[in-house]
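So the protein sequences, as listed, match chains A and B.
Quick note on numbering: the working numbering labels position 25 of the first sequence as 25, and the sequence is numbered without any gaps.
Quick note on numbering: the working numbering labels position 233 of the second sequence as 233, and the sequence is numbered without any gaps.
Glycine is no exception: its CB is placed at the ideal position from the N, C-alpha and C atoms.
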Amino acid sequence: MSALRILVPIKRVIDYAVKPRVNKAQTGVETAGVKHSMNPFDELSVEESVRIREKKSAPGGVEDICVISAGPTKAQDILRTAMAMGADRAIHVEVKEGEDLEPLSVAKLLKTAVEQQKSNLVILGKQSIDDDANQTGQMLAGLLGWPQATQASKVEFGEGDTVSVTREVDGGAETLKAKLPMIITTDLRLNEPRYASLPNIMKAKKKPLEKKTLADFGITAERRLKVLKVTEPPTRQGGGKVDDVDGLISKLKEMGAI
Amino acid sequence: MACRPQLTPVLRRLARTTSELSRQAPRPQVLSLTRTAAAAGSRSLGSSQPRPFQHTPARRKDGDDFTSIKYPELKRDGRFGRLTLDHVAHFRSLLGDSNSALIDGVANAEAAADDLEPFNSDWMRKYRGHTQLVLKPASTTEVSQILKYCNDNMLAVVPQGGNTGLVGGSVPVFDEIVLSMSRMSQILEFDDVSGTLVAEAGCILEVADQYLAARGYIFPLDLGAKGSCHLGGNLSTNAGGLRLLRYGSLHGTVLGIEAVLPDGTVVDDLSRLRKNNTGYDLKQLFIGAEGTIGVITKVSIQCPQRPAAQNVAFFGLESYEHAQRAFREAKGQLSEILSAFELMDEGSQALVHRVTGSKRPLESTHPFYCLIETSGSNADHDSEKLSAFLESVMDKGIVADGTLAQDETQLRALWAWREGITEALGHLGGVFKYDVSIPLAQMYQLVEDTRARVAEAGLLGDDADGTHPVRAVVGYGHMGDSNLHLNISTRRFDPRIEKVLEPFVYEWIAQRQGSISAEHGLGLAKKKYIGYSRSEGMVGLMKQIKGLYDPRGIMNPYKYI
Ligand SMILES: Cc1cc2nc3c(=O)[nH]c(=O)nc-3n(C[C@H](O)[C@H](O)[C@H](O)COP(=O)(O)OP(=O)(O)OC[C@H]3O[C@@H](n4cnc5c(N)ncnc54)[C@H](O)[C@@H]3O)c2cc1C
């Protein structure tokens with residue numbers, strides 16, 4: 001079986017624990033001064049790649065785990081985190097703050113990256129929690145003409161470059177089997193990502209991080225989609241407090257409820 | 001962002017944080033403690049009496065769990081008047097007739113029993129009084145009128161805030177009137193330039209903190225009970241909590257107090273000034289007075305800027321000696337951004353793991369762990385400092401292993417390993433709790449000596465068949481404040497345990513000039529042990545103060561000193 005060369009695309013998004021707010025101009029979500037971290041689904045991809053190596057689950061072994069992120073300079077923080085978790089090296093594709101790429105551009109970029117890095121397995125998050133598009137993995141598979149297994153909850157390797165991927169579907173589990181090279185996207189039940197240990201955080205600082213531009217991939221940040229307006233969901237009407245039973249009764253009468 | 005909520009089921013760390021450890025409010029303010037949640041779950045024990053192991057959810061109306069029955073040596077003071085319908089009628093004339101101002105069990109005890117119960121029982125369900133009357137004043141004038149009347153008629157009074165105190169101070173012992181501050185809950189003013197907040201004493205801590213958060217400020221005190229406890233209660237217990245290392249004690253941050261003395265005098269000291277060297281600083285007497293000299297009605301407090309950046313690191317250490325070195329280094333290298341330094345021993349972490357099943361932060365186990373939090377205004381600056389610090393403690397071999405939270409979810413999960421201890425222990429059975437302050441160098445020795453003593457008595461063993469009554473003797477606490485929580489986790493009631501522990505623990509502390517109650521106060525639970533931490537002369541001076549402000553002794557009797 002071929003040795004695995006895994007490519008793990010990761011994205012810097014507003015931290016999962018932070019409540020996002022719509023900006024004043026209603027063109028998007030407020031990002032200035034807001035805590036960012038790695039897209040939680042991408043943490044699963046990194047963790048899974050590292051486990052495949054540690055558990056020696058692929059018969060051909062893992063030759064390379066390369067993480068790649070297109071984003072502002074700060075995206076290097078999450079690349080370091082991924083390397084602290086166990087990735088070997090990183091590629092940062094500089095994209096100006098605010099010039100977000102659409103899923104198709106990302107997929108095109110990754111197609112070139114796959115070719116340059118000679119990857120034979122790409123593990124992506126099923127979606128990123130900022131725009132929830134859930135498209136990049138599928139588009140990449142289409143562009144490459146590779147098999148895809150989305151929303152994986154379990155990944156197993158067999159003889160002759162075969163990979164079995166279990167995915168949760170309504171009312172049960174579905175198992176797909178395909179041959180490398182292939183695309184896998186991760187879902188929540190796949191694994192429980194590790195805490196990066198201090199020694200590994202230190203080591204990650206010395207791992208190679210290659211800096212590239214969109215031009216290196218023949219891509220421009222062109223937009224096909226136009227965001228018309230972003231708004232908050234309607235706020236819930238707050239409740240009022242009454243002092244006592246008398247207050248409650250008069251309130252109910254006022255509302256015509258009794 | 002539609003899928004954020006979907007992440008919850010498997011977002012492992014957070015999921016555990018929220019569902020299992022909720023009562024100890026992992027920070028920041030995701031969760032908070034409510035009285036009902038607290039009653040349903042974790043209860044901790046004071047030092048002197050093991051709690052019953054089975055709790056019936058609804059309290060029996062008559063039972064042997066009254067404080068007066070559990071502690072027969074306590075006798076009702078015959079000087080105090082008994083409540084009559086005339087008294088109640090007078091209070092009604094002061095407060096108005098509405099149920100929200102007054103709960104009356106004098107006219108019909110049976111009918112009011114359920115309404116009175118929450119005011120009679122404490123958070124730990126360890127103390128239970130017999131009050132027949134709860135008064136809820138809405139203004140300082142009403143508080144003054146109530147107290148004057150009580151003073152004139154020799155009616156005993158217990159001021160009550162959020163009723164989360166851990167030493168039995170907030171509930172009556174016999175039939176004292178409960179003066180609940182819950183209706184005086186307004187935030188009165190906030191100065192956006194100086195950060196001075198003025199609020200009524202019944203304002204809930206978390207409400208104040210959220211109000212401040214919206215304005216870029218933070219309340220200088222944070223603790224697990226923030227969703228229920230009142231500012232007035234916090235001041236009255238001089239609560240310490242998680243931010244003391246950074247923002248100092250309430251004795252420094254409180255700028256002014258308005259309070260009412262038992263004779264109705266309003267102590268008008270609601271200063272907004274940071275500096276005011278004009279005479280004795282009398283407001284300090286009310287901070288930590290536990291309702292024994294008067295009722296706090298308003299508070300003015302200095303609030304710091306809310307930090308824009310926070311980081312949390314979690315270390316494994318080979319010995320207590322290493323923990324002290326790590327603390328020394330943290331102070332030296334992180335200085336102004338260090339906001340918490342918490343210590344946990346392996347015993348405490350193993351128990352949290354047993355109860356929550358959460359993934360442990362480090363691969364291997366270590367005898368000690370510490371949690372370090374930094375808070376600053378510039379994330380890049382803080383990260384740089386923190387990285388340099390981490391590198392140096394690793395290089396010097398002070399820290400055996402560790403991790404650094406990579407995102408907010410991890411940050412909260414790491415805090416849960418510290419904040420979840422109290423609750424985890426509560427889940428496992430009765431706990432003897434000692435909240436002590438000891439010079440840092442000897443702090444953990446108390447845990448070791450206690451463990452050895454319990455083991456020697458043949459009481460300690462982590463055996464599956466439960467032959468030994470004590471499961472574990474563990475220690476954790478606010479290392480940054482030299483404040484240790486010694487906890488003895490038991491399987492069942494056994495009178496030998498208490499005999500082995502007391503007065504041993506108190507004597508041990510006294511020999512090292514430590515404090516037998518670092519942050520929880522005296523209340524009823526620790527009253528008789530004050531002599532271990534304060535000289536006779538000091539207690540005498542305190543009694544003079546009590547006699548001066550409350551000459552008839554109606555304020556929170558049977559407790560404190
Ligand atoms: C889960 C949990 C975590 C905790 N963590 C900490 C911690 O980290 N650090 C710490 O120091 N403590 C801690 N505590 C205990 C702490 O003392 C209380 O939570 C809090 O400070 C008490 O506020 P309260 O409003 O509930 O007061 P109560 O419990 O209602 O009253 C406490 C005492 O103050 C008196 N009192 C209340 N209000 C007034 C008033 N307005 N005027 C005069 N006297 C008054 C009462 O008579 C009583 O003696 C914790 C408690 C719990 C349940």
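So which residues on chain A does residue i lean against when the C-beta distance must stay under 7 Å?
{"i": "M479 (chain B)", "result": "Ordered by position in chain A, no residue passes the 7 Å Cβ test against M479 (chain B), which lies about 19 Å from the chain."}
{"i": "P367 (chain B)", "result": "Correct list: empty, because the minimum Cβ distance to chain A is about 18 Å."}
{"i": "T403 (chain B)", "result": "Y195, A196, S197 and L198"}
{"i": "L390 (chain B)", "result": "L198"}
Under the assumption that residue i contacts residue j (Cβ atoms under 8 Å), give the Cβ distance between them as a whole number of angstroms.
{"i": "V454 (chain B)", "j": "V470 (chain B)", "result": "5 Å"}
{"i": "D401 (chain B)", "j": "A518 (chain B)", "result": "D401 (chain B) to A518 (chain B), Cβ: 30 Å. No contact."}
{"i": "I488 (chain B)", "j": "V539 (chain B)", "result": "Contact flag wrong, Cβ pair sits at about 28 Å."}
{"i": "R325 (chain B)", "j": "I398 (chain B)", "result": "5 Å"}
{"i": "A138 (chain B)", "j": "R183 (chain B)", "result": "5 Å"}
{"i": "M443 (chain B)", "j": "L484 (chain B)", "result": "5 Å"}
Mind pulling the chain B residues with CB within less than 7 Å of residue i?
{"i": "V18 (chain A)", "result": "E408"}
{"i": "D170 (chain A)", "result": "Residues of chain B passing the Cβ test: none, with the nearest at roughly 14 Å."}
{"i": "T73 (chain A)", "result": "Simply none; closest approach about 11 Å."}
{"i": "T81 (chain A)", "result": "Q406"}
Report the neighbours of residue i on chain A: residues whose CB is nearer than 9 Å to its CB, in chain order.
{"i": "S98 (chain B)", "result": "D243, D244, D246 and G247"}
Is the closest heavy atom of ligand 1 to the C-beta of residue i under 7 Å?
{"i": "V295 (chain B)", "result": "yes"}
{"i": "A138 (chain B)", "result": "no"}
{"i": "Q324 (chain B)", "result": "no"}
{"i": "S236 (chain B)", "result": "yes"}
{"i": "T112 (chain A)", "result": "no"}
{"i": "V158 (chain B)", "result": "yes"}
{"i": "W146 (chain A)", "result": "no"}
{"i": "N556 (chain B)", "result": "yes"}
{"i": "W415 (chain B)", "result": "no"}
{"i": "G81 (chain B)", "result": "no"}
{"i": "H251 (chain B)", "result": "no"}
{"i": "S37 (chain A)", "result": "no"}
{"i": "S153 (chain A)", "result": "no"}
{"i": "N163 (chain B)", "result": "yes"}
{"i": "S170 (chain B)", "result": "yes"}
{"i": "A400 (chain B)", "result": "no"}
{"i": "L166 (chain B)", "result": "yes"}
{"i": "C229 (chain B)", "result": "yes"}
{"i": "G240 (chain B)", "result": "yes"}
{"i": "G224 (chain B)", "result": "yes"}
{"i": "M181 (chain B)", "result": "yes"}
{"i": "E290 (chain B)", "result": "yes"}
{"i": "H520 (chain B)", "result": "yes"}
{"i": "A201 (chain B)", "result": "yes"}
{"i": "W123 (chain B)", "result": "yes"}
Name the chain A residues that come within less than 8 Å of residue i, Cβ to Cβ?
{"i": "M394 (chain B)", "result": "L198, P199 and M202"}
{"i": "E363 (chain B)", "result": "S197"}
Using a cut-off of 9 Å between C-beta atoms, extract the partners of residue i located in chain B.
{"i": "S37 (chain A)", "result": "Q406, D407, E408, T409 and Q410"}
{"i": "Q186 (chain A)", "result": "Checking the displayed sequence, the identity of residue 186 (chain A) turns out to be Thr instead of Gln. Here the premise fails: no neighbours, minimum Cβ distance about 11 Å."}
Could you name the residues of chain B that residue i contacts, counting a contact when the two beta carbons are closer than 8 Å?
{"i": "D15 (chain A)", "result": "D407, E408 and T409"}
- Contact the region 154-164 of chain B vs the region 266-280 of chain B: 3+ CB pairs below 8 Å: Segments in contact, no.
- Item | Segment contact flag, the region 79-87 of chain A with the region 46-62 of chain A, C-beta cutoff 8 Å, min 3 pairs | yes
- Query: Does the region 290-304 of chain B touch the region 191-207 of chain B, meaning 3 or more C-beta pairs lie closer than 8 Å?
  - Reply: yes
- Touching or not, the region 505-517 of chain B and the region 225-245 of chain B, by the rule of three or more beta carbon pairs under 8 Å? no
- Three or more beta-carbon pairs under 8 Å between the region 157-176 of chain A and the region 358-368 of chain B, yes or no? no
- Query: Contact between the region 121-128 of chain A and the region 177-191 of chain A: three or more CB pairs below 8 Å?
  - Reply: They touch, by the three-pair rule.
- Determine contact between the region 108-117 of chain A and the region 223-236 of chain A, defined as no fewer than three beta-carbon pairs at a distance below 8 Å. no
- Given 8 Å as the limit, is there contact between the region 334-346 of chain B and the region 474-482 of chain B, that is, 3 or more CB pairs closer than that? yes
- Message: Quick check: the region 12-21 of chain A against the region 127-139 of chain A, are at least 3 beta-carbon pairs closer than 8 Å?
- Response: In the pairwise beta carbon analysis, the region 127-139 of chain A is classified as touching the region 12-21 of chain A: at least three pairs are separated by under 8 Å.
- Is it true that the region 548-561 of chain B meets the region 73-80 of chain B, where meeting means three or more beta-carbon pairs spaced less than 8 Å apart? yes
- Message: Taking 8 Å as the cut-off, does the region 137-151 of chain A touch the region 30-46 of chain A (at least 3 CB pairs, one atom from each stretch)?
- Response: no
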